[in-house]
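Trainee: Residue numbers (our numbering), protein chains in the order written: chain A, 1 to 690; chain B, 691 to 1380.
2 protein chains.
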Amino acid sequence: MKQVSFAATIPVLALLALGAPGQRDDWNNQGSDAWKKQGVIYLDHSLNARLHTVPVSAVRLNDGFWSARLKVMVERSLPTMLQLLEEHGVVDNFRRLSGRKNVPRKGPLYTDSDLYKWIEAASWAVASNETSDFDKQKLRGEIQSLISDIVAAQEPSGYLDTYYVGDKAHLRFTELTRSHEGYCLGHLIQAAIAYYRATGSRSLLDAAIRFADCVVDNFGPTKRPFVTGHPELEMALVELYRTTGQTKYLEFTRYLFSGVERDRLKLKDSDIRYMFSGKPFTSRTEFEGHAVRALYAASGATDYFAEAGDPAYKHTLDLLWTDLTMRKMYITGGVGSRASNESFGDPYELPSAEAYAETCAAVANVMWNFRLLALTGDAHYADVLERTLYNGANSGMSLNGTLYCYRNPLASNGEKLRNPWYDTTCCPPNIERLFGSLPGYFYAMSRDGVYVNLYDNSELNWHLEDGAGLKITQATNYPWSGDVKLTVNPDKPSTFTVYLRWPAWAASADLQVNGQSIQISGITRGSFIPISRNWRPGDTITLSFPLQNIPTVANPRAADLYGRLAMQRGPLVYTLEQIDQNGVALGDIFIRPNGQSTAEARKELLGGVTVLKVSGQAAEKPLGEEALYEPLATAINRAKRPITLTFIPYYAIANREPTPMEVWVPISRFDIGAASTSAYNPGANIARHP
Amino acid sequence: MKQVSFAATIPVLALLALGAPGQRDDWNNQGSDAWKKQGVIYLDHSLNARLHTVPVSAVRLNDGFWSARLKVMVERSLPTMLQLLEEHGVVDNFRRLSGRKNVPRKGPLYTDSDLYKWIEAASWAVASNETSDFDKQKLRGEIQSLISDIVAAQEPSGYLDTYYVGDKAHLRFTELTRSHEGYCLGHLIQAAIAYYRATGSRSLLDAAIRFADCVVDNFGPTKRPFVTGHPELEMALVELYRTTGQTKYLEFTRYLFSGVERDRLKLKDSDIRYMFSGKPFTSRTEFEGHAVRALYAASGATDYFAEAGDPAYKHTLDLLWTDLTMRKMYITGGVGSRASNESFGDPYELPSAEAYAETCAAVANVMWNFRLLALTGDAHYADVLERTLYNGANSGMSLNGTLYCYRNPLASNGEKLRNPWYDTTCCPPNIERLFGSLPGYFYAMSRDGVYVNLYDNSELNWHLEDGAGLKITQATNYPWSGDVKLTVNPDKPSTFTVYLRWPAWAASADLQVNGQSIQISGITRGSFIPISRNWRPGDTITLSFPLQNIPTVANPRAADLYGRLAMQRGPLVYTLEQIDQNGVALGDIFIRPNGQSTAEARKELLGGVTVLKVSGQAAEKPLGEEALYEPLATAINRAKRPITLTFIPYYAIANREPTPMEVWVPISRFDIGAASTSAYNPGANIARHP
C-alpha cells in the first residue's frame, strides 16, 4: 500500500448563500468576540432549528442539585482523570512523536479521543461560572500544555493520530471500519471548538482544522473512499461548519451520511449494522448495532438536518426516535441491551441485570435529544433528555467524582459496577464533558422569546434575539421539590414569550405570574407552556408540579419487565439497594402496588437525597429454598410478611458497599392472587375429554 | 510431534471380585445369550443400583402416545436421516479410508459420532417389538453394511477416527479439548453395545473394544494424559465394563473423573468450566459450562457410582441435581439458557425466547434421571425424566419425523425452529436413539418386585429376579387421560411388590386392586406406591390420577418468568401458538388466572391432542402502539376484551406454518390491578419532604 502524503491545506473562506439571516462572518472577523456567543452547539444560523442555544458562560448554576455534581466534577474528576490519562501513557503517546518523551505507545488505538474528551470537558469548565477562578486558571494551564504536546505531534500534512505512525503509518485510512481515525478527529474538533468557545483561543482549533482538511480535501465520492467506523465525526464537522462557515465540512458530512462507499470499501452487512454507518442514513428505519455509534450518528444527522433541511433526514430521525423511546430505551434513559457488541437488542429486549446501558450511550442520548429539542421546541425531547440526564447518565459518575460506571445495569447481584479507570476509558471523560457543558442546556432562545428547558437554581444572563438584555433567575429545590420560582428581568419592559417546560412526569401544573393564577388550557403535560406578555423587570413566575411517588409499569411486550414496578418521583427513577432493606434479600422482596408510599428527605444520605418508603412484602422462607415451578394456587398461599421498602435514586447506586440492586421490583404475588384466590378452584376445570 | 503407534491389544479377561451376586461370565461365555437380558443400561450386577433395567425387547408399546412417535421414528426418521448422513459424506468419511471411495473428508471433526448415534438408534429399533419384521431386516442390513465400512477404516492399532488421518494423524490425542476423539469413541461404544444387545452380534463391539483399548491401554496417570473434551466416553466405558466385565474400563472412567491432568494438559479454567471435565468431578457443586457436556458427565458419574459406590460421587450428584431442578431447568425439562457456548446460565437465568435448550441436553437430562432413578428408586427422578421426555425432548422431532429442533426455546417470534439437517447434526440422531430405546425405560425390576416407571399402553414380558415369569399389561389413554388399568400376570401366584409411580403432577391418586379400593397412606405424590401381596395371574390394578389444567408459576427469582403462567395438564406442558388465537397477536394476550379452563380432545389436530381452552384477555389497541413506560394507574385501565386462549402441547410446536409461540403467558394486568385500583390513589402519597 502506497503511503499517501497529505499536503497541508489552507482554509479557504467560503461565504454561505443559504439565505440565512446574519452574515456568516464569524470566522473572517477574527478579532471579533464571535466565540462568546456560541453555545454547546451553535445554532444562530441554523435555518431548521427553532431554538438557539446560549453560551455556557451565559448561565450560572447556583447551589443546588447540579452545581454539586459540577463542583465535584471540576474539583475531583478532572484532576484524577488527567492523572490517570498521564499514568496510562495517553499524553505520552503524543509526546513521543515530537520527541519530548522516548517511550513506547500505550493503550488501544483510540486513546487520543479520551484526551480530547478530557480537554473538551475542561474547556467547558473554564467557560463555566461554577468553576472558581483558581480552577479556571489551573485548567487553562493544563489544557494549553496538552495542546502544546498535541500540536507538536501533528504532521505537516495535518495528520494527527498517535496510533497510525511508524510501521503502522502505511495503514492510515485503509482500515476505517476499525481504525477510529475519524472518531479521534471528531473528538479533536469538538475539544478544539469547546476551547475556542471557552477562551477565544484558536490554538487547538487550527490544528483540528488542519487534520479535518487532511481528510475532507482528500476523501469523497470522486476521491478516496471514507466511512466513519465509529460515527462522531459527523457531529464534529457540522459544528466546525457552524464555527468556520466553511461549507465543505457540511458537504463532507452529507457524504458521510450518503453511505455510498459500501462497494469501494467492501463493507460487510455486519459492519454496516454494527457501525450504524456505511449505508444511506435515510434508509435506516430502526436502531441496531453498537448503541453509542448509532446515537452519535443520529446526533450528527440531526445537526446536519438543522443546517440542510433535507426532509428525508427528519423522517428517518422521527422513525429512530420512536423506535428508541417506544421499544429500546431503559426507564433510566440508558440504551444498549446487550454486552455483545455493546449493542441494541430486539424491540422490547430490555433485560435488567444483563443491561449494558453504557454511560457513553446515555451521554449520546442526552446530546441527541438536546439537538432534537433545539430543532423543534418539542418538550417530549426534553423529557427524554431529562430522564437520561438525571438517571442513566448521572449514574455514570460516583458521588465523589472519582469512580465511573461503564455499564449502568438496572439490577445487579452486588458485583462491582464502578472503577476509576477502564482500559477502554471512553465513558469517564464523556460524562465529564457532558457535565462541563451542562449549564448550556438549561435555557435557549427563540425568535419570540426564551425557553426554560431544565429546572434548577440558576441564572441566565443573556439577551433576546433583538439584542435587549434579559436575565432570568430560578429558585427551586428541584428535583426534590416540584416548586420553581422564576424572576424575569428584561433590561426594559418588553413583549416576548417565556416557554416553561411542563414535564411529562407531572400530572398537573400550577402557574402564577406575579402572584396571579394563570389558567393553563389546551396544553398537556410534556409540553412547553408559553407565556406571552409584556414582561417588566422583576416579574415573577411561580410554578408548581406536584411530586408523587409513581409506580410505573413497562409495556407488557418488554418481557423482562413484566409483573414488576419501578418507582419514579419527579424526574428521578428510584431503585432498591439491598443494604437499605433491613437484612431482607432483594430476591425475597415484593412491592405492593396499592400500599402506603411516602417520601422522606435524608440530608445525610448519599449527598442528600429523598428516599421513598413503599409497602412491600418479604417471603417468610427464602425463595431460594422453594421449588422452581409450582401451581399458582400453592405459590400465592406461601407465607409472607409486610415490610417497608426503601428506595434511593437510581443515580446514586453503588456509592456504598457492594450490594444487590434492583429497579424493577416484582409486584406482590398476593396482589395477583387477590383477584384469583376467591375464584380459583382447580376442581372447576371441566375436562371434556372422554 | 512424534506419531505414536497404538499396538492392537488383546482383551484380557478380568474376573471381578466385587462381591456381586452372580458370576460376571457374560463375556467369557460367548456362546451364551447374555445380551438378551441387557437393557438400555445393564444393572444386574451394579451393587449400588436399586433397580435393574429390562431389555428393550421385553417391553411392547401398544397403540398409544409413544408407539406413534416410535413408529414415525422407525419409518420416517431413520431412513431420511441415513440418507442425509450419506449425502453429507458422513459414511464416505469412513469409506475413503479403506479405499472404497475416493472422496475428500467432509464435515466438522465430530461427524463419526452422528453415524454412531444413528446405528445406536437403529439397533434399539431392531430390538424393539414395535418395529415390523420388514423394518428390522432392512435396518439390520443397513447397520451391517455401515459396520463393514466402519471396521474397514479401523487401523491395526485400533485407532478409528475419520478426522485425525493423513496430514492430521500426527495430531491424534494432542488436542483433546477440541478433538472429540473421546466423544466419538464413546458413541462408537454405545452403538456397538446397542447392536450387540439387539442382536448378539459382536461385529461392531469388537471394533469398539479395539479402539477403547487403544485409549485405555495407552493413557492414564502414569502414561500419556487424557481428558474428555466432550464427556460421553465415561458413560460408554462403564457400559463397556458392564458388558465385558473388564475392570480396566471402570478404572479408566475413574481416571477421567479424577481430573488430575490439569497441569500436564495445560487446561485453562475456561476449558474446565466449558467441558465440565478436567478437574475432580467430586469438586463440582453446581452446573456450569456446556449443558450437554455437563449432563453427559453427570450421567457417566452416576453410572460410575452405581458400580463403585464412592459416596463423594453421590454427594456431588445430589448437589448437581438440586442445582439443576431448583435453579437451572426449564419447565419443559430443557436445559441450557444461553446460546453462547450452548451453556448453562446463572441460577434462575431462564429466558424464554433466548433459551437454548438443545435437544441433546434434554436427551441427556432423560438419560441422567433414568440413571438416578435406577440408583435410588426415587420417583422424583422419574418426574423429571417424564417432564423432559414428554416436553423438551419430544419437541426435538417433528410429528412427521423428518424435521428437528436443535434449540427448543419457550417463546419465539415465529422464526424457523425445525430443519431436516444441521451442519452440527448431533440432535436428530440423539433423539432417535432415545426413542429407539424408550421401551426399556418403562419398567424395571428390583430384588423385591417390579417398578412401573412410565404409563402407556404396553406389555412387559420378563421375569422376577427369582426367575419366575411375569407379564404386566397396561391399558390407558395416558397422557390424555390419567386412568391406567394394569393386569399382573405372574406365571404362578407369587409374593412381590408392584411399585406404581404416583406422578408429582397428580394432586391425588385413586387405586384399586381387583376392584377393591386401596387406601394410600403415608405416601405423597412424587413417590412410588408399593403394593406388596401375593399376586395371582390376572390380578388387576386400576389407577386414576385426576387430570387438571394447572396454572403454574415459576420461582420469583426466575426474573424472566415473573408475572406469567404456564399451563400444565398431566405430564404435558402447554403453549400458545399464535395461529390458534383467532388473529390476536401473542404480544397482546394475557391469561386470567381465575377464569374458566377446560380441556378438549381434538383428534384431527397435530396427530391428535387435547387442547386447553383458558380465559384470557386481549388488549383492544395493539400494545406495540402504547408507551414503553407508564404509570400503573394508567396501564390497568387500558381497554381490553375477554378472549379464549387455545393451548397446544409444547411438544407439538412448529408443526404447522411458522407462528409466534409462548409457554409463559403474562397474567392479566387487570388481575394485578383488581387488588390495587380500589385502593390506588396517587393523591394519597404523603410527601414528608418540606
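Here a beta-carbon is modelled for each residue, glycine too, at the ideal position from N, C-alpha and C.
From residue 313/A to residue 164/A, what distance separates their C-alpha atoms?
Mentor: Rounded to the nearest whole angstrom, the CA to CA distance from residue 313/A to residue 164/A is 34 Å.
Trainee: Three-state secondary structure (DSSP) at residue 186/A?
Mentor: helix
Trainee: Can you name the residues that DSSP bridges to residue 542/A?
Mentor: 485/A and 512/A
Trainee: From residue 424/A to residue 742/B, what does the alpha carbon distance come to, in whole angstroms?
Mentor: Distance between the alpha carbons of residue 424/A and residue 742/B is about 60 Å.
Trainee: Any Cβ of chain B within less than 7 Å of the Cβ of residue 551/A?
Mentor: Yes, residue 551/A counts as interfacial toward chain B.
Trainee: Taking Cβ to Cβ, would you say residue 341/A is nearer than 7 Å to residue 274/A?
Mentor: yes
Trainee: According to DSSP, simplified to helix, strand and coil, what is residue 532/A?
Mentor: strand
Trainee: Indicate whether at least one CB of chain B lies closer than 7 Å to the CB of residue 555/A.
Mentor: yes
Trainee: Can you give me the C-alpha to C-alpha distance between residue 92/A and residue 305/A, rounded to a whole angstrom?
Mentor: 39 Å
Trainee: Would you mind telling me which residues of chain A sit closer than 8 Å to residue 1019/B, beta carbon to beta carbon, in chain order?
Mentor: By Cβ distance, chain A contributes 628.
Trainee: For residue 542/A, which option in 626/A, 352/A and 517/A has the closest C-alpha, if you only look at C-alpha atoms?
Mentor: 517/A
Trainee: Can you tell me whether residue 693/A is helix, strand or coil according to DSSP?
Mentor: In this structure chain A extends from 1 to 690, so residue 693/A is not present and cannot be described.
Trainee: If you run the structure through DSSP and keep just helix, strand and coil, what is residue 421/A?
Mentor: coil
Trainee: So, is residue 821/B buried or exposed, given that buried needs 16 or more other C-beta atoms within 10 angstroms?
Mentor: buried
Trainee: Please determine if the segment 1130–1146 of chain B and the segment 743–756 of chain B are in contact, where contact requires at least 3 C-beta pairs separated by less than 8 Å.
Mentor: yes
Trainee: Just confirm the distance between the C-beta atoms of residue 1295/B and residue 1301/B, as a whole number of angstroms; I'd bet it's less than 8 Å.
Mentor: 7 Å
Trainee: Do we get a CB-CB distance below 7 Å when we pair residue 291/A with the residues of chain B?
Mentor: no
Trainee: Tell me, which residues are paired with residue 1095/B by DSSP?
Mentor: 1108/B
Trainee: Could you please give me the residues that DSSP links to residue 614/A through a beta bridge?
Mentor: 597/A and 645/A
Trainee: According to the neighbour-count rule (16 or more other Cβ atoms, all chains shown, within 10 Å of its Cβ), is residue 149/A buried or exposed?
Mentor: buried
Trainee: Is residue 150/A helix, strand or coil by DSSP?
Mentor: helix
Trainee: Is residue 1268/B buried or exposed, if buried means 16 or more other CB atoms sit within 10 Å of its CB?
Mentor: buried
Trainee: Of all the CB atoms in chain B, is at least one closer than 7 Å to the CB of residue 593/A?
Mentor: yes
Trainee: Could you tell me the alpha carbon to alpha carbon distance between residue 399/A and residue 1104/B, rounded to whole angstroms?
Mentor: 46 Å
Trainee: What whole-angstrom Cβ distance do residue 1080/B and residue 1180/B have, given they're in contact under 8 Å?
Mentor: Incorrect: roughly 30 Å between the Cβ atoms, too far for contact.
Trainee: Look up residue 1130/B in the DSSP assignment and say whether it is helix, strand or coil.
Mentor: helix
Trainee: Taking buried to mean at least 16 other C-beta atoms within 10 Å of its own C-beta, is residue 793/B buried or exposed?
Mentor: Label assigned to residue 793/B: exposed.
Trainee: Leaving aside the five residues before and after residue 893/B along the sequence, list all residues of the same chain whose C-beta is less than 6 Å from its C-beta, in chain order.
Mentor: 837
Trainee: Using a 10 Å radius around the Cβ and a threshold of 16 neighbouring Cβ atoms, would you call residue 926/B buried or exposed?
Mentor: Answer is buried; the Cβ neighbour count reaches 16.
Trainee: Under 8 Å Cβ-Cβ, which residues of chain B neighbour residue 558/A?
Mentor: 1318
Trainee: If you measure between the beta carbons of residue 1034/B and residue 981/B, is that distance less than 7 Å?
Mentor: yes
Trainee: Going by beta carbon distance, what residues of the same chain come within less than 7 Å of residue 482/A, once the five residues before and after it are set aside?
Mentor: 506, 544, 545, 546, 547 and 570
Trainee: Starting from residue 773/B, trace the beta strand (DSSP E) both ways and give me its first and last residue.
Mentor: Element bounds for residue 773/B: not the beta strand (DSSP E) but the alpha helix (DSSP H), 768–777.
Trainee: Classify residue 715/B as helix, strand or coil using the three-state DSSP reduction.
Mentor: Model confidence at residue 715/B stands at a pLDDT of 46, short of 50, so the residue's coordinates are unreliable; what they give is reported in the following sentence. Three-state result, residue 715/B: coil.
Trainee: Where does residue 756/B sit, in a helix, a strand or coil, going by DSSP?
Mentor: helix
Trainee: What separation, rounded to the nearest whole angstrom, lies between the Cα atoms of residue 1244/B and residue 1015/B?
Mentor: Here the alpha carbon of residue 1244/B sits roughly 12 Å from the alpha carbon of residue 1015/B.
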